[in-house]
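If you count the sequence shown from 1, you need to add 51 to reach the numbering used here.
Notes to accompany the following structure.
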Amino acid sequence: MGIFHVKTEIYSGIGVREVLEMDNLKKVIIITDPVMVKLGLVEIVEKTLEELKVNYDIFDEVEVDPTLESVKKGLEKVMKFAPDKMIALGGGSAIDSAKSIYYFMKKSGKEIPIIAIPTTSGTGSEVTSYAVITDKKKKVKIPIKDEDMIPEKAILDPVFTKTLPRVVVADGGIDALTHAIESYTCKSANFYTQTFALTAIVGIFKNILKVYNNIEDEDARVEMGKASCMAGIAFDRSGLGINHSIAHVIGGRFHKSHGRSNGVILPYVIKFNSSDKETAKRYWQISKRLGLPSETKEQGAESLAVAVEVLNKCLGIPSCLKEMEIGWEAYKKLIPEMAKTAMEDICTDGNIKKVSQGDMEEIFQKIY
Ligand SMILES: [Fe+2]
């Protein structure tokens, strides 16, 4: 028997104060990064906490792609301060750090629920049971999965996405789109995850360029926040596919943005997967919903690949890895090894179309 549930209470729209007030907070730690401090976003939360007379502390040393070391630092601060809630303020890195801290605290018997306030629309980390931290010494990414880590509340207030740089709008938005498309077309997709995924796809196509071209468009920012959150719910329950397997490798090897890597790869993966009947049918369903040319299943699948290519272009996302300043000679040599790593990635198993090492190497060639 299948089960579908969403653990996180999701609030979207203006009103961070109302939500925090409802919570009857006593002792809180804000988990964030230096950029959020600089942008004045931490101050908004601080002011609210002061007004509500909440005892609070701040850990603002979250790194981009958080390392085990920085998570340990945060963990020490949390242990010392002993808060009863954490407020994770930032993009995927801050929320993943808070989730990792939760995970380690739980091992010592103390569970500190998380209120997530995402400042980007992309990872969906505010509703997922995953966190990724990097072990710098061993040069490996450590994925953690634990249902209990899922934030208790997510506050999607557009006040916090007003200062997003364009490149982050593009990379985050295309990451969310990849989550939604992969979730819709992967092995464990079901009625519920597909409903969330499809709504997210429509929302992203409708709003991403509005936000990219005019960050002042508050309604579009709210819609992007909802869509990326829904994509997060969908993929957390269904899993993903080889697009993410490949993006994980490219991101890790060449230190490229996760979202951007996904966006570059996506049209190629759609074309590769389209030779599988079931996957082509699902691409066709997406295209139909988007109002793209989709008289036949083949045409529908192709339309989706073209639509993503066009969207990439409008968002300034390159059409191949060559345009991402990756040298061919070094890349070429790494193809067999990168393909092998991608084959072993947890997401590969979610792909409906079976992939061989040879197929994977060919995709790595093509995306260059
Ligand atoms: Fe992603």
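Backbone N, C-alpha and C define an ideal beta-carbon position, used for all residues, glycine too.
Is the CB-CB distance between residue 171 and residue 223 below 8 angstroms? On the sequence shown, residue 171 is found 120 positions in, with the first residue counted as 1. On the sequence shown, residue 223 is found 172 positions in, with the first residue counted as 1. Yes. Within cutoff.
Please determine if the segment 103-115 and the segment 158-165 are in contact, where contact requires at least 3 C-beta pairs separated by less than 8 angstroms. no
The beta strand (DSSP E) enclosing residue 185, as first and last residue numbers: Position 134 of the sequence shown, counted from the start, is the residue given in the question as residue 185. Per DSSP, residue 185 belongs to the beta strand (DSSP E) from 181-186.
Classify residue 319 as helix, strand or coil using the three-state DSSP reduction. What you label residue 319 is simply residue 268 of the sequence shown in a count that begins at 1. Here residue 319 sits in helix by DSSP.
Just the C-alpha distance for residue 85 and residue 113, rounded to the nearest angstrom, thanks. For this step, residue 85 is matched to residue 34 along the sequence shown. For this step, residue 113 is matched to residue 62 along the sequence shown. Answer to the nearest angstrom: the Cα atoms are 7 angstroms apart.
When 398, 191 and 267 are compared against residue 289, the one with the closest alpha-carbon: By one-based count along the sequence shown, residue 289 stands at place 238. Minimum Cα distance to residue 289 is reached at 398.
Thinking C-alpha only, which one of 298, 213 and 67 is nearest residue 394? On the sequence shown, position 343 is the one that residue 394 refers to. That would be 298, whose Cα lies nearest to the Cα of residue 394.
Which residues in the same chain as residue 72 place their Cβ atom closer than 7 angstroms to its Cβ, once the five residues preceding and following it in sequence are excluded? Along the sequence shown, one-based indexing puts residue 72 at 21. Only 103 meet the Cβ criterion.
Mapping the DSSP letters down to three states, classify residue 100 as helix, strand or coil. Indexing the sequence shown from 1 puts residue 100 at position 49. Helix, per DSSP.
Ranges of the beta strand (DSSP E) found wholly within the segment 64-126, counting only runs of at least 3: 78-82 and 106-110
Using a threshold of 8 angstroms, state whether the C-beta atoms of residue 200 and residue 153 are closer than that. Position 149 of the sequence shown, counting from 1, holds the residue named residue 200. Position 102 of the sequence shown, counting from 1, holds the residue named residue 153. Taking 8 angstroms as the Cβ cut-off, residue 200 and residue 153 qualify as a contacting pair.
Less than 8 angstroms separating the beta-carbons of residue 180 and residue 287? Residue mapping note: residue 180 aligns to position 129 of the sequence shown, counting from 1. Residue mapping note: residue 287 aligns to position 236 of the sequence shown, counting from 1. Yes, Cβ-Cβ distance for residue 180 and residue 287 is below 8 angstroms.
Classify residue 277: buried if its beta carbon has 16 or more other beta carbons within 10 angstroms, exposed otherwise. Indexing the sequence shown from 1 puts residue 277 at position 226. That one is buried.
Using only alpha-carbon positions, find the residue among 319, 233, 117 and 262 that is nearest to residue 190. Here residue 190 is taken as the residue at index 139 of the sequence shown, counted from 1. Answer by Cα proximity: 117.
Can you tell me whether residue 209 is helix, strand or coil according to DSSP? As a first step, residue 209 must be located in the sequence shown, where it is residue number 158. Residue 209 falls in the helix class under three-state DSSP.
Measure the alpha-carbon distance for residue 93 versus residue 377 and round it to whole angstroms. The count along the sequence shown starts at 1 and reaches residue 93 at position 42. The count along the sequence shown starts at 1 and reaches residue 377 at position 326. Roughly 36 angstroms between the two C-alpha positions.
Contacts around residue 367, its chain only, beta-carbon distance under 7 angstroms, and the 5 residues preceding and following it disregarded: For the purposes of this step, residue 367 is identified with residue 316 of the sequence shown, where counting begins at 1. 221.
Per-residue DSSP class, three states only, for residue 273: Translated into the one-based positions of the sequence shown, residue 273 becomes position 222. Correct three-state label for residue 273: helix.
Would you report the Cα separation of residue 59 and residue 165, rounded to the nearest angstrom? Locating residue 59 in the sequence shown gives position 8, counting from the first residue. Locating residue 165 in the sequence shown gives position 114, counting from the first residue. Residue 59 and residue 165: Cα-Cα distance of roughly 10 angstroms.
With distance defined between alpha-carbon atoms, name the residue in 372, 268, 365 and 349 nearest to residue 316. As a first step, residue 316 is located in the sequence shown; it is residue number 265 there, counting from the start. For the residues 372, 268, 365 and 349, the minimum Cα distance to residue 316 belongs to 372.
Could you tell me the boundaries of the beta strand (DSSP E) in which residue 191 lies? Residue numbering aside, residue 191 sits at position 140 when the sequence shown is read from its first letter. Segment 191-196, the beta strand (DSSP E) holding residue 191.
Is there contact between the segment 334-350 and the segment 232-249, where contact requires at least three CB pairs shorter than 8 angstroms? yes
Please state if the CB of residue 387 and the CB of residue 349 are separated by a distance shorter than 8 angstroms. The residue given as residue 349 occupies position 298 in the sequence shown. The residue given as residue 387 occupies position 336 in the sequence shown. Their beta carbons are not under 8 angstroms apart, which means residue 349 does not touch residue 387 by this criterion.
Which one of 323, 280 and 408 has the shortest CA to CA distance from residue 208? Reading the sequence shown from its first residue, position 157 is the one you call residue 208. With distances taken between Cα atoms, residue 208 lies closest to 280.
Quick check: residue 303 and residue 192, are their CB atoms within less than 8 angstroms of each other? As a first step, residue 303 is located in the sequence shown; it is residue number 252 there, counting from the start. As a first step, residue 192 is located in the sequence shown; it is residue number 141 there, counting from the start. Yes; because the gap between Cβ atoms is below 8 angstroms, this pair is in contact.
Can you name the start and end residues of the beta strand (DSSP E) that residue 141 belongs to? On the sequence shown, residue 141 is found 90 positions in, with the first residue counted as 1. Start and end: 136-141.
Three-pair Cβ contact test at 8 angstroms for the segment 139-150 versus the segment 76-84: yes
From 389, 400 and 219, pick the residue whose C-alpha is nearest to that of residue 409; which is it? Taking the sequence shown and counting its residues from 1, the one referred to as residue 409 is at position 358. With distances taken between Cα atoms, residue 409 lies closest to 389.
What did DSSP end up calling residue 377 once you bin it into helix, strand or coil? Here residue 377 is taken as the residue at index 326 of the sequence shown, counted from 1. Looking at residue 377 - three-state DSSP - the assignment turns out to be coil, as it is neither helix nor strand.
Is residue 306 near ligand 1, with its Cβ less than 7 angstroms from a heavy atom? By 1-based counting over the sequence shown, the position of residue 306 is 255. The answer is no for residue 306.
Where residue 204 falls: helix, strand or coil (DSSP): Indexing the sequence shown from 1 puts residue 204 at position 153. Three-state result, residue 204: strand.
Just to confirm, does residue 399 get its C-beta within under 7 angstroms of one of the non-hydrogen atoms of ligand 1? If you number the sequence shown from 1, residue 399 lands on position 348. It does not: the Cβ of residue 399 is nowhere closer than 7 angstroms to a heavy atom of ligand 1.
What are the partner residues of residue 232, as DSSP defines its beta bridges? Start at 1 with the first residue of the sequence shown, and residue 232 comes out as number 181. Answer is none; residue 232 lacks a bridge partner.
Report the CB separation of residue 225 from residue 313 in whole angstroms; it is logged as a contact under 8 angstroms. Within the sequence shown, residue 225 is the residue found at index 174, counting from 1. Within the sequence shown, residue 313 is the residue found at index 262, counting from 1. Right, their Cβ atoms sit about 6 angstroms apart.
What residues are listed by DSSP as bridge partners for residue 382? Walking along the sequence shown from the start, residue 382 turns up at place 331. Paired residue(s): none; residue 382 is not in a bridge.
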